[in-house]
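**Q**
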Amino acid sequence: MNKNFNELIEKVKKTHTTQEAKELLLAQANTPKIQKAIDFAIKAHNGQKRKSGEDYVVHPLLVATITSFFNDNENVITAAILHDVVEDTEYSIEYIQKEFQEEVANLVEGLTKIVSIRDNSLVPSNSNEKLAKSALTFRKMLLSSIKDIRVLVIKLCDRLHNMLTLEALPPHKQKRIAEETLVVYTPIAHRLGIATLKNILEDLAFKYLLPEEYKKIDEYIQKHKNIFQIKLNEFIQTIETFLLENGFKEEDFEIKSRIKHYYSIFLKMQRKGISIEEVLDLLAVRVIVKNPIDCYKTLGIVHLNFRPLISRFKDYIAIPKENGYQTIHTTVYNKNSIIEVQIRTFDMDKNAEFGIAAHWKYKLNSASPNLKWIEDMKFDEDIEDFYELAKNDLFSEDIVVYSPKFDTFTLPLNATALDFAYAVHTDIGNRAIEAYVNKEKVSLLHPLKTGDIVKIKTGDKEIPRCSWINALKTSKAKYEQKKLCRIKEKEINRNLAIAILSTIFGLEKQKIRALVKVNNLCENIEKIVDDLNFLKEVVRKIYKTIKQKNLLYFKNINLKEYIFGNIKVLSNKPINSIRFNYCCHPKEGDKILGILEKKEVEIHHRFCNNAEEKIKNAVFVEWLKNTQNRFFLVVMLQNKKGELAKFVNFLTKNNIFIHTIELGKESNNCTLEIEFDSKNYNTLKEKIAKNYKIIEFIPKKDAYNG
Ligand SMILES: Nc1nc2c(ncn2[C@@H]2O[C@H](COP(=O)(O)OP(=O)(O)O)[C@@H](OP(=O)(O)OP(=O)(O)O)[C@H]2O)c(=O)[nH]1
1 MNKNFNELIE KVKKTHTTQE AKELLLAQAN TPKIQKAIDF AIKAHNGQKR
51 KSGEDYVVHP LLVATITSFF NDNENVITAA ILHDVVEDTE YSIEYIQKEF
101 QEEVANLVEG LTKIVSIRDN SLVPSNSNEK LAKSALTFRK MLLSSIKDIR
151 VLVIKLCDRL HNMLTLEALP PHKQKRIAEE TLVVYTPIAH RLGIATLKNI
201 LEDLAFKYLL PEEYKKIDEY IQKHKNIFQI KLNEFIQTIE TFLLENGFKE
251 EDFEIKSRIK HYYSIFLKMQ RKGISIEEVL DLLAVRVIVK NPIDCYKTLG
301 IVHLNFRPLI SRFKDYIAIP KENGYQTIHT TVYNKNSIIE VQIRTFDMDK
351 NAEFGIAAHW KYKLNSASPN LKWIEDMKFD EDIEDFYELA KNDLFSEDIV
401 VYSPKFDTFT LPLNATALDF AYAVHTDIGN RAIEAYVNKE KVSLLHPLKT
451 GDIVKIKTGD KEIPRCSWIN ALKTSKAKYE QKKLCRIKEK EINRNLAIAI
501 LSTIFGLEKQ KIRALVKVNN LCENIEKIVD DLNFLKEVVR KIYKTIKQKN
551 LLYFKNINLK EYIFGNIKVL SNKPINSIRF NYCCHPKEGD KILGILEKKE
601 VEIHHRFCNN AEEKIKNAVF VEWLKNTQNR FFLVVMLQNK KGELAKFVNF
651 LTKNNIFIHT IELGKESNNC TLEIEFDSKN YNTLKEKIAK NYKIIEFIPK
701 KDAYNG
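Take 1 as the starting number for the sequence shown in UniProt numbering and just add one per residue.
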């Protein structure tokens with residue numbers, strides 16, 4: 001059995017046949033149940049091939065091999081072997097349950113893709129089906145992991161093997177999978193504390209997404225590798241001497257070294273706008289000792305002998321990270337170099353590398369990952385909102401703040417005081433009226449930073465703060481505020497609907513309400529504020545009633561549409577201009593309302609308090625839809641002279657505005673990835689399909705989420 005992760009991955013990379021994969025897995029884990037699962041998987045996937053041409057079953061067997069490194073439970077390994085069976089073969093989950101029992105079946109079920117989205121109330125009708133399916137599958141996997149977190153570990157190993165074999169896919173797919181890996185899977189690995197998986201996944205994804213940047217870092221590291229190793233070795237020896245001179249015995253400690261992994265180097269350069277030479281923790285040594293007291297003793301020895309950069313000191317032993325990571329970080333000068341020193345115990349070291357998996361493997365005496373983030377996710381959101389919120393929650397870097405009683409709260413970077421209030425309790429968030437940071441009164445939208453002590457004052461009522469939702473950072477705060485705002489929005493929209501009708505007919509609100517009731521429109525009258533056609537229909541119905549009942553004498557109601565810039569107004573009164581009211585800063589796309597003043601319409605944010613006072617003169621307004629949409633197209637062109645020019649000519653003739661164009665090569669043909677703006681998706685797709693082979697054609701916002 002292989003105990004070194006990198007060595008195991010090297011073997012996985014070299015394994016291509018079913019027989020080799022079977023042998024590698026059995027060398028890692030071998031029980032009758034595992035043997036039975038291997039034979040069954042080989043039979044079930046018989047005849048199926050991967051894009052690389054290998055037998056399909058090689059993939060699940062290698063996923064199981066990687067999984068076995070993190071969890072030696074035979075049911076977990078069995079589930080990894082069978083993780084694609086239900087999705088890709090004729091065998092059902094009931095069959096798996098019968099043959100391999102419930103625990104395995106539950107794990108496999110959590111890992112099985114959703115193939116149909118029919119009848120799913122969480123999917124908006126205008127959703128892109130591919131995106132919705134992938135988001136639903138992701139949501140299902142997270143839900144299963146609340147019951148059994150091992151689902152996520154198998155999924156990460158599955159993703160790792162896919163990333164290791166990404167070479168076989170066309171470039172646009174490589175990019176999409178690599179981006180998804182960075183956006184959702186490496187953050188999950190980080191939350192589970194499994195740095196080994198996180199780092200390898202990040203570097204693989206980085207290589208496919210930004211090959212140029214990857215190459216530059218790789219060239220720099222390769223060029224300096226020897227000199228770095230010499231510096232690290234010298235430094236290790238000096239520390240070793242100091243430790244031995246200060247009462248440590250050889251068996252009391254171990255010193256390792258590392259060069260920072262590439263994606264992390266890249267992020268640091270980007271975040272700080274610095275060159276690779278300026279990354280201070282490019283080189284680090286890890287001093288591993290027996291117990292926490294020895295960590296602090298080691299720190300003392302290091303600081304007494306090397307000048308530390310005080311601003312770079314961090315004590316994650318006293319305050320562990322949410323993922324359970326515990327280590328003291330300090331950065332010191334050694335001769336002409338700057339080196340980071342990470343000090344931790346042997347248990348903390350296992351925890352740092354394998355996170356939650358270390359707690360399965362060994363009885364550890366160190367912090368374990370906090371898994372509250374999964375439970376805090378709002379699974380009843382509609383699926384697009386859920387995916388956005390989940391990505392946001394998973395991806396964020398963390399800050400640590402305190403309540404006045406010094407309870408610690410980990411929040412995403414740039415979280416606001418109101419996010420903190422929601423982290424304490426939903427009720428505190430809903431009723432928050434004032435915030436104090438380090439005893440100073442601040443706005444509830446004040447961005448917090450690590451170390452802040454935050455106090456929230458609450459009032460009696462729940463307060464919807466609808467225009468703040470985008471400024472909040474945690475999904476919990478956004479979700480709870482959206483809930484309050486949905487109620488408030490409905491109320492505002494109903495009021496506005498009555499006011500718009502009242503302006504059109506010149507009748508008091510009371511009378512309009514009665515007319516709405518007579519026409520059985522009470523239930524969804526608020527919809528007219530966002531639906532021009534429905535408004536016109538309602539006006540026709542009410543007008544008819546008025547005429548029929550002869551309540552009043554009415555001339556025709558001549559509704560006219562006016563366009564001013566990107567705003568459309570509907571009114572039966574003359575209008576000369578519009579004016580944006582800057583009390584509430586409505587931005588394009590925000591919900592808005594119009595107030596008619598003389599012949600001018602004032603545009604406000606729908607939730608603006610000032611507008612509420614003037615609402616009796618409301619008129620219907622809406623943003624003109626931007627009909628240009630951005631698309632992502634991949635087509636296959638024949639590899640012959642003039643073909644590219646012909647295609648570009650074809651696009652120009654169809655009034656397409658090209659943003660980016662990239663060439664890839666696949667066997668004898670050439671693939672072309674293009675990003676462009678166009679007004680009409682359907683006719684364009686038909687036209688292209690007539691002449692060219694379309695590999696992918698999707699709206700840009702979905703391009704990397706499928
Ligand atoms: N296992 C683990 N290690 C952590 C964690 N947070 C920080 N570290 C270790 O500390 C290094 C520096 O962390 P940073 O977040 O970049 O910076 P910091 O020192 O300012 O906190 C990381 O380097 P790196 O470049 O991110 O990773 P690596 O290349 O050293 O593995 C990693 O070695 C964590 O949650 N888990």
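Ideal Cβ placement from N, Cα and C applies to all residues, glycine included. Please read these numbers as outputs of a predicted model, since none were measured by experiment.
1. Consult DSSP for K591 and reduce its assignment to one of helix, strand or coil.
2. So the beta strand (DSSP E) I328 belongs to, where does it begin and stop?
3. Given a threshold of 16 other Cβ atoms within 10 Å of its Cβ, counted over all protein chains shown, does Q481 qualify as buried or as exposed?
4. Between the C-alpha atoms of S134 and L209, what's the straight-line distance to the nearest angstrom?
5. In the DSSP assignment, what residue or residues form a beta bridge with Q342?
6. So does Y325 have its beta carbon nearer than 7 Å to some heavy atom of ligand 1?
7. So what's T18 in DSSP terms, helix, strand or just coil?
8. Nearest to K33 by CA position, among K249, T78 and A41, is which residue?
9. Taking the Cβ atom as the reference point for each residue, do K686 and F632 lie within a distance shorter than 8 Å?
10. Tell me the start and end of each unbroken beta strand (DSSP E) in the region 233 to 275 that is at least 3 residues and wholly inside, in chain order.
11. Considering only heavy atoms of ligand 1, does any lie closer than 7 Å to the CB of G193?
12. Could you check which residue in R50, H83 and K49 has the C-alpha nearest to that of T65?
13. Taking only the alpha-carbon atoms, compute the straight-line gap between F138 and K335 and give it to the nearest angstrom.
14. Have a look at K43 and A132 and give me their C-alpha separation to the nearest angstrom.
15. Measure from the alpha carbon of A477 to the alpha carbon of each residue in I338, P187, A390 and S311, then state which is nearest.
16. In angstroms with no decimal places, state the Cα-to-Cα distance between K549 and L515.
17. Just verifying my parser: in three-state terms, what is the DSSP assignment at A432?
18. Roughly how many whole angstroms lie between the Cα atoms of K98 and N75?
19. Say yes only if the C-beta of R258 is nearer than 7 Å to one or more non-hydrogen atoms of ligand 1, and no if none qualify.
20. Tell me which residue opens and which closes the beta strand (DSSP E) that N669 is part of.
21. So is K155 buried or exposed if we call it buried at 16+ other beta carbons inside 10 Å?
22. Going by beta carbon distance, what residues of the same chain come within less than 6 Å of A703, once the five residues before and after it are set aside?
23. Using the rule of at least 16 other Cβ atoms within 10 Å of the residue's Cβ for burial, across every protein chain shown, is A80 buried or exposed?
24. So, do the region 336 to 355 and the region 284 to 297 have three or more beta carbon pairs nearer to each other than 8 Å?
25. Let's test the definition: count the other Cβ atoms within 10 Å of the Cβ of M1 and tell me whether it reaches 16, buried, or not, exposed.
26. If you drop the 5 nearest sequence neighbours on each side, which residues of the same chain put their C-beta closer than 6 Å to that of K591?
27. Kindly indicate which residue of F676, Y296 and M636 has the alpha-carbon position closest to the one of L663.
28. Assuming F409 and F395 make a contact with CB atoms under 8 Å, what is their CB distance in whole Å?
29. DSSP on V601, reduced to helix/strand/coil?
30. Name the residue from H161, L111, L164 and E167 whose alpha carbon lies nearest to the alpha carbon of K147.
31. Following the continuous beta strand (DSSP E) through S571, name the residue where it begins and the one where it ends.
32. What I want to know is whether the C-beta of N199 ends up closer than 7 Å to one or more non-hydrogen atoms of ligand 1.
33. Nearest-angstrom Cα distance between T671 and N609?
34. Just list the alpha helix (DSSP H) runs in the region 165 to 219, keeping only unbroken ones of 4 residues or longer that don't cross its boundaries, in chain order.
35. Figure out for me which residue from G429, K473 and I433 has the closest Cα to the Cα of residue 713.
36. CB of Q229 to nearest heavy atom of ligand 1: below 7 Å?
**A** Result, derived from the coordinates:
1. K591: coil per DSSP, three-state reduction.
2. The continuous beta strand (DSSP E) containing I328 extends over residues I328 to N334.
3. Burial of Q481 is indicated by the presence of at least 16 other C-beta atoms within 10 angstroms of its C-beta.
4. In this model, S134 and L209 are separated by some 20 Å (Cα to Cα).
5. Answer is R286 and H329, bridged to Q342.
6. Yes, since a heavy atom of ligand 1 falls inside the 7 Å radius drawn around the Cβ of Y325.
7. In the three-state DSSP reduction, T18 falls in the helix class (H, G or I).
8. It is T78.
9. Just to set this straight, residue 686 is Glu in the shown sequence, not Lys. For the 8 Å CB-CB criterion, E686 and F632 do not form a contact.
10. The qualifying runs are 253 to 259.
11. At least one heavy atom of ligand 1 is found less than 7 Å from the C-beta of G193.
12. Looking at the Cα atoms, H83 is the closest of the given residues.
13. Computed Cα separation, rounded: 50 Å.
14. The straight-line gap from Cα to Cα measures roughly 32 Å.
15. Comparing Cα-Cα distances from A477 to each of I338, P187, A390 and S311, the minimum goes to A390.
16. Looking at the backbone, the Cα of K549 and that of L515 are separated by about 11 Å.
17. A432 falls in the strand class under three-state DSSP.
18. Distance from the CA atom of K98 to the CA atom of N75, rounded to whole angstroms, is 14 Å.
19. The answer is yes for R258.
20. Per DSSP, N669 belongs to the beta strand (DSSP E) from N669 to S678.
21. So K155 ends up on the buried side.
22. With a pLDDT of 34 at A703, under the threshold of 50, the modelled position of that residue is not reliable, and no figure is offered here.
23. Buried, because 16 or more other Cβ atoms sit within 10 Å of the Cβ of A80.
24. Touching, yes, given that three or more Cβ pairs across the two stretches are closer than 8 Å.
25. Exposed, since its Cβ has fewer than 16 Cβ neighbours within 10 Å.
26. Taken in chain order, the residues that qualify are R606.
27. For the residues F676, Y296 and M636, the minimum Cα distance to L663 belongs to M636.
28. 19 Å between Cβ atoms; not a contact.
29. In this structure, V601 counts as strand in the three-state DSSP scheme.
30. When each option's Cα is compared against that of K147, the closest is L111.
31. DSSP places S571 in the uninterrupted beta strand (DSSP E) bounded by I567 to S571.
32. Indeed, a heavy atom of ligand 1 lies less than 7 Å from the Cβ.
33. The straight-line gap from Cα to Cα measures roughly 54 Å.
34. List check, alpha helix (DSSP H) in window: 171 to 180, 186 to 191 and 195 to 209.
35. Here the chain covers residues 1 to 706 and nothing more, so residue 713 does not appear.
36. Q229 Cβ: outside cutoff for every heavy atom of ligand 1.
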